[in-house]
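Residue numbers (our numbering): 88 to 200.
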């Protein structure tokens with residue numbers, strides 16, 4: 088029997104990365120670029136001078152690249168979802184009634200002792 092040599096795939100469960108962009112930020116950049124093409128087309132159809140259209144799109148594109156790369160570096164693959172979830176958690180819970188803490192004989196919090 089001959090010995091077989093198998094390649095080991097060490098990239099299993101790793102997030103997709105393209106030129107420093109991780110996971111969903113690739114989609115954000117792609118969507119932003121599509122939006123910039125649409126903005127250029129609208130500006131051109133309206134009749135704005137083409138060099139002004141190019142300047143607007145280049146400025147917005149530079150801002151888009153800077154922001155998306157900054158978010159990718161800051162949050163990583165899951166960090167932005169975690170930050171959004173953390174903002175939705177209340178800092179404290181106010182209970183204005185003692186009724187919650189008083190239990191009747193059945194074990195529910197609807198009775199008085």
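Quick reminder that beta carbons are idealized off the backbone N, C-alpha and C, glycines included. Note that this is a predicted model, so its numbers are computed, not measured.
Check your understanding: Within the chosen definition, does the stretch 133 to 150 reach the stretch 98 to 111 through at least 3 CB pairs nearer than 8 Å?
Key -> Output reads no: the stretch 98 to 111 does not touch the stretch 133 to 150.
Practice item. Answer yes or no: do residue 162 and residue 172 have a C-beta to C-beta separation smaller than 9 Å? Key: No; because the gap between Cβ atoms is not below 9 Å, this pair is not in contact.
Review point. For residue 168, which option in 143, 111, 148 and 125 has the closest C-alpha, if you only look at C-alpha atoms?
Key: If you compare the alpha carbons of 143, 111, 148 and 125 with that of residue 168, the shortest gap goes to 111.
Exercise for review: Hey, could you find the ends of the alpha helix (DSSP H) residue 57 is sitting in?
Suggested key: As displayed, the chain neither begins before 88 nor continues past 200, which places residue 57 out of reach and without an answer.
Exercise for review: Determine the extent of the alpha helix (DSSP H) in which residue 159 is found, giving its start and end residues.
Suggested key: It spans 137 to 162 - the alpha helix (DSSP H) in which residue 159 sits, taken as one unbroken run.
Check your understanding: Where does residue 186 fall in DSSP's three states?
Key -> In the three-state DSSP reduction, residue 186 falls in the coil class, being neither helix nor strand.
Exercise for review: Let me know if residue 184 comes out buried or exposed under the rule of 16 or more other beta-carbons within 10 Å of its beta-carbon.
Suggested key: The residue is exposed, with fewer than 16 neighbouring Cβ atoms inside 10 Å.
Exercise for review: Consult DSSP for residue 169 and reduce its assignment to one of helix, strand or coil.
Suggested key: Residue 169 falls in the helix class under three-state DSSP.
Exercise for review: Would you mind working out which of 145, 152 and 103 sits nearest residue 117, comparing C-alpha positions?
Suggested key: The alpha carbon of residue 117 has as its nearest neighbour, out of 145, 152 and 103, the alpha carbon of 152.
Exercise for review: Taking only the alpha-carbon atoms, compute the straight-line gap between residue 189 and residue 159 and give it to the nearest angstrom.
Suggested key: Across the structure, residue 189 and residue 159 are spaced so that their CA atoms are roughly 49 Å apart.
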